[in-house]
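Undergrad: Line by line, the protein sequences give chains A and B. No gaps in the numbering here: position 8 of the first sequence is 79 in the working numbering, and each next residue is one more. No gaps in the numbering here: position 204 of the second sequence is 708 in the working numbering, and each next residue is one more. Glycine included, every Cβ here is placed at the ideal spot set by N, Cα and C. First, the structure itself, so that you have it in front of you.
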Amino acid sequence: MDFSIQAIADALPLLWQGVLITLKIAVVSLLIAFVIGLIAGLMSTSRSRILRGAATVYVDIIRGTPLLVQIFFIYFGLPVFLDIRISAEIAGIAAVSLNAGAYIAEVFRAGIVSIDKGQVEAARSLGLSGWKTMRLVVLPQAIRRMIPAFVNQFIVSIKDTSLLSVIGIQELTQSGEIIISTNFRSFEIWGTVGIFYFVIIYLLTRLSRLIERRFVVR
Amino acid sequence: MITVQNLKKSFGPVEVLRDISTTVREKEVVCVIGPSGSGKSTFLRCLNLLEEVTSGTIVIGDTEVTSPRTNIDRLREHVGMVFQHFHLFPHLTVLENIMLAPKHVKKMDKRHNEERAVELLGKVGLAGKRDEYPDRLSGGQKQRVAIARALAMNPGVMLFDEPTSALDPEMVGEVLLVMKELARDGMTMIVVTHEMGFAREVADRVIFMDGGYIVEEGTPSELFDSPKHERTQAFLNRVLKNGS
Numbered sequence: 072m073d074f075s076i077q078a079i080a081d082a083l084p085l086l087w088q089g090v091l092i093t094l095k096i097a098v099v100s101l102l103i104a105f106v107i108g109l110i111a112g113l114m115s116t117s118r119s120r121i122l123r124g125a126a127t128v129y130v131d132i133i134r135g136t137p138l139l140v141q142i143f144f145i146y147f148g149l150p151v152f153l154d155i156r157i158s159a160e161i162a163g164i165a166a167v168s169l170n171a172g173a174y175i176a177e178v179f180r181a182g183i184v185s186i187d188k189g190q191v192e193a194a195r196s197l198g199l200s201g202w203k204t205m206r207l208v209v210l211p212q213a214i215r216r217m218i219p220a221f222v223n224q225f226i227v228s229i230k231d232t233s234l235l236s237v238i239g240i241q242e243l244t245q246s247g248e249i250i251i252s253t254n255f256r257s258f259e260i261w262g263t264v265g266i267f268y269f270v271i272i273y274l275l276t277r278l279s280r281l282i283e284r285r286f287v288v289r
Numbered sequence: 505m506i507t508v509q510n511l512k513k514s515f516g517p518v519e520v521l522r523d524i525s526t527t528v529r530e531k532e533v534v535c536v537i538g539p540s541g542s543g544k545s546t547f548l549r550c551l552n553l554l555e556e557v558t559s560g561t562i563v564i565g566d567t568e569v570t571s572p573r574t575n576i577d578r579l580r581e582h583v584g585m586v587f588q589h590f591h592l593f594p595h596l597t598v599l600e601n602i603m604l605a606p607k608h609v610k611k612m613d614k615r616h617n618e619e620r621a622v623e624l625l626g627k628v629g630l631a632g633k634r635d636e637y638p639d640r641l642s643g644g645q646k647q648r649v650a651i652a653r654a655l656a657m658n659p660g661v662m663l664f665d666e667p668t669s670a671l672d673p674e675m676v677g678e679v680l681l682v683m684k685e686l687a688r689d690g691m692t693m694i695v696v697t698h699e700m701g702f703a704r705e706v707a708d709r710v711i712f713m714d715g716g717y718i719v720e721e722g723t724p725s726e727l728f729d730s731p732k733h734e735r736t737q738a739f740l741n742r743v744l745k746n747g748s
């Protein structure tokens, strides 16, 4: 057995850089995904067939293809086709945002349809417009019910950012790979990388429990 | 005044309202009775277009409800509705439930809105519940809040869709009492109900519906004491025997 604490200690500064990049990409992507998901979710519950259809196509395409293929398509495929250049980071954020957005759209859709039709009728009968009814009555109730599903998707997406190592983004996983390619300490470094992911996600889970308790479903 | 002419409503192939014509005068209290499936709730829900009308015309005040040019949100400000299952907004307190529509539809300033909401809560006997959430209220209390919420928009007409049908028997009285006071204050009311005692006591006119038609209408004593139509007689025999 060969175990080197020193290898881990030496790797920490570079791994920490990776953690920060992972967090940055995850936070930015999830914010964008939340907006995409809200819009697509509203579209999929709209009365317009065109809007519903567009949302369905988007969700089906994303859910029906692997994230890795989506990353390659956006980073390698699109620039060739459109004759543009995009940075790995932009491509990575775009891929993770679009991917998570599709799943979050489904969370929104399910949350919105779970609200009793009577709530909408009561709001409309008071003279509230369709949009105000959505904003003031339906969404506030729906979002409370959606918190656990959101957290679940956030966790999945944070781990998904590790796939961005394949296009050279130096996030946590890629940082680990770089270190191992010089010191060959696979066990120590992959173990440490795993612990970092675990701690990030564990903290997020704790945080979400707190939020859930504050917004008790009424 | 509300005028309904040749109102028809179908759900797919099912004709729920076949040909409804009637008039409700200002300050009149009209109770609509009839067996379940007779179309009485659908009739009520057509009046503020919660159901799309298949054909016919409805005029409320000087607004033709059934005209495609009518701004339905504006109309609904003037037509309050109370539902069988209350439909209070569970994420808002009692006071916020009442203040929501005046704030966001009428842009009423907060102080006036709150004063008015507190006043209405007092009127329905729930002044002490202003900061409770709906899930802490009994059914009768919820329905009284729902009435206050509808009144907050200062409607000219109030529609009641079986307002006591979902209540435990001991809570029916408190809701009917609020409705009686409302009628005494001169509110124009259309009430779909199974409460024959209420209809007899409070209504100016009772409409008996069956099979999508208005079979018979008249004053409570005309309808309850000497019903002309045999379907009315049969219905009244059935419900009054059960001790309503």
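Determine the extent of the alpha helix (DSSP H) in which A/Ile157 is found, giving its start and end residues.
TA: Here A/Ile157 belongs to no alpha helix (DSSP H), and DSSP marks it neither H nor E.
Undergrad: Mapping the DSSP letters down to three states, classify B/Asn510 as helix, strand or coil.
TA: B/Asn510 falls in the strand class under three-state DSSP.
Undergrad: Would you call the CB atoms of A/Ser228 and A/Val167 closer than 8 Å?
TA: Yes. Within cutoff.
Undergrad: Count the other C-beta atoms from every protein chain shown that fall within 10 angstroms of the C-beta of B/His733, then say buried if there are 16 or more, exposed otherwise.
TA: B/His733 comes out exposed.
Undergrad: Spell out whether any CB of chain A is found under 8 Å from the CB atom of B/Glu555.
TA: Not closer than 8 Å to any Cβ of chain A, the Cβ of B/Glu555 fails to qualify, so no.
Undergrad: Can you tell me which of B/Pro594, B/Glu721, B/Val676, B/Arg688 puts its alpha carbon nearest to the alpha carbon of B/Gly701?
TA: For the residues B/Pro594, B/Glu721, B/Val676, B/Arg688, the minimum Cα distance to B/Gly701 belongs to B/Val676.
Undergrad: With a threshold of 16 other CB atoms inside 10 Å of the CB of B/Thr546, please say whether the residue is buried or exposed.
TA: The residue is buried, with at least 16 neighbouring Cβ atoms inside 10 Å.
Undergrad: Distance check for B/Gly543 and B/Gln737, CA to CA, integer angstroms please.
TA: Going from the Cα of B/Gln737 to the Cα of B/Gly543 covers about 18 Å.
Undergrad: Can you tell me which of A/Ala176, A/Ala181, A/Met205, A/Arg180 puts its alpha carbon nearest to the alpha carbon of A/Gln190?
TA: It is A/Met205.
Undergrad: Considering A/Val130, what are the terminal residues of the alpha helix (DSSP H) in which it resides?
TA: Segment 120 to 134, the alpha helix (DSSP H) holding A/Val130.
Undergrad: Going by the CB atoms, is the gap between B/Ile651 and B/Val528 shorter than 8 Å?
TA: No, the Cβ-Cβ distance between B/Val528 and B/Ile651 is not below 8 Å.
Undergrad: What residues in its chain sit with their C-beta under 6 Å from that of A/Ser246, if we drop five residues either side in the sequence?
TA: These residues qualify, in order along the chain: Leu85, Leu86, Gly89.
Undergrad: Taking the straight line between their C-alpha atoms, what separation do you get for A/Ile195 and B/Asn510?
TA: Just to set this straight, residue 195 of chain A is Arg in the shown sequence, not Ile. One C-alpha to the other measures close to 25 Å.
Undergrad: Going by DSSP, which residues form a beta bridge with B/Ser559?
TA: Paired residue(s): B/Lys512.
Undergrad: Given a cut-off of 8 Å on the beta-carbon distance, is the pair A/Glu248 and A/Ile96 in contact?
TA: No. Outside cutoff.
Undergrad: For A/Glu192 versus B/Leu554, is the C-beta spacing smaller than 8 Å?
TA: Going by C-beta atoms, A/Glu192 is nearer than 8 Å to B/Leu554.
Undergrad: Can you find a CB in chain B that lies within less than 8 Å of the CB of A/Val208?
TA: Chain B contact via Cβ: present.
Undergrad: Which chain A residues are close to B/His589, counting only those with a beta carbon under 9 Å from its beta carbon?
TA: Those within 9 Å of B/His589 in chain A are Asp187, Gly189.
Undergrad: Between the region 592 to 610 of chain B and the region 682 to 693 of chain B, can you find at least three pairs of beta-carbon atoms closer than 8 Å?
TA: With the cut-off at 8 Å, the region 682 to 693 of chain B and the region 592 to 610 of chain B do not touch.
Undergrad: Under 7 Å Cβ to Cβ from A/Pro137, same chain only, skipping five residues before and after it: list those, please.
TA: Excluding sequence neighbours, A/Pro137 sits near nothing in its chain.
Undergrad: Could you spell out the range, first to last residue, of the beta strand (DSSP E) harbouring B/Met612?
TA: Note, B/Met612: premise wrong, no beta strand (DSSP E); not H, not E.
Undergrad: For B/Val695, go through chain A and note every residue whose CB falls closer than 7 Å to its CB, in chain order.
TA: Going along chain A, no residue has its Cβ under 7 Å from B/Val695, so there is no contact; the nearest lies around 15 Å.
Undergrad: Taking 8 Å as the cut-off, decide whether the C-beta atoms of A/Ser75 and A/Glu259 are in contact.
TA: In contact: A/Ser75 and A/Glu259 (Cβ atoms closer than 8 Å).
Undergrad: Any idea which residues DSSP pairs B/Cys550 with across the strands?
TA: According to DSSP, B/Cys550 bridges with nothing at all.
Undergrad: Assign B/Asp635 to one of three DSSP states: helix, strand, or coil.
TA: It is coil, neither helix nor strand.
Undergrad: Taking a contact to mean a Cβ-Cβ separation below 8 Å, would you say B/Gly716 touches B/Arg522 in this structure?
TA: Cβ atoms of B/Gly716 and B/Arg522: closer than 8 Å.
Undergrad: Which partner residues of B/Val661 appear in the DSSP bridge assignment?
TA: In the DSSP output, where bridge partners are listed per residue, B/Val661 has B/Val583, B/Thr692.
Undergrad: Given A/Ala162, which residues of its chain have a CB within under 6 Å of its CB, disregarding the five upstream and five downstream residues?
TA: Answer for A/Ala162: Ile145, Tyr146, listed in chain order.
Undergrad: Given that A/Glu192 touches chain B, what residues does it touch there, using C-beta distances under 9 Å?
TA: Here the neighbours are Arg549, Leu554, Met585, Phe587, His591.
Undergrad: Quick check on DSSP: helix, strand or coil for B/Glu568?
TA: B/Glu568 falls in the strand class under three-state DSSP.
Undergrad: So which residues on chain A does B/Asp804 lean against when the C-beta distance must stay under 9 Å?
TA: It is not possible to answer for residue 804 of chain B, since the shown part of chain B is limited to 505 through 748.
Undergrad: Ignore the nearest five residues each way along the sequence and tell me which others in A/Ile155's own chain have a CB closer than 6 Å to its CB.
TA: Nothing listed; no residue qualifies.
Undergrad: Quick one: what does DSSP say B/Gly629 is sitting in, helix, strand or coil?
TA: Here B/Gly629 sits in coil by DSSP.
Undergrad: For the beta strand (DSSP E) containing B/Asp714, list its first residue and its last residue.
TA: 709 to 714 is the span of the beta strand (DSSP E), which, as asked, contains B/Asp714.
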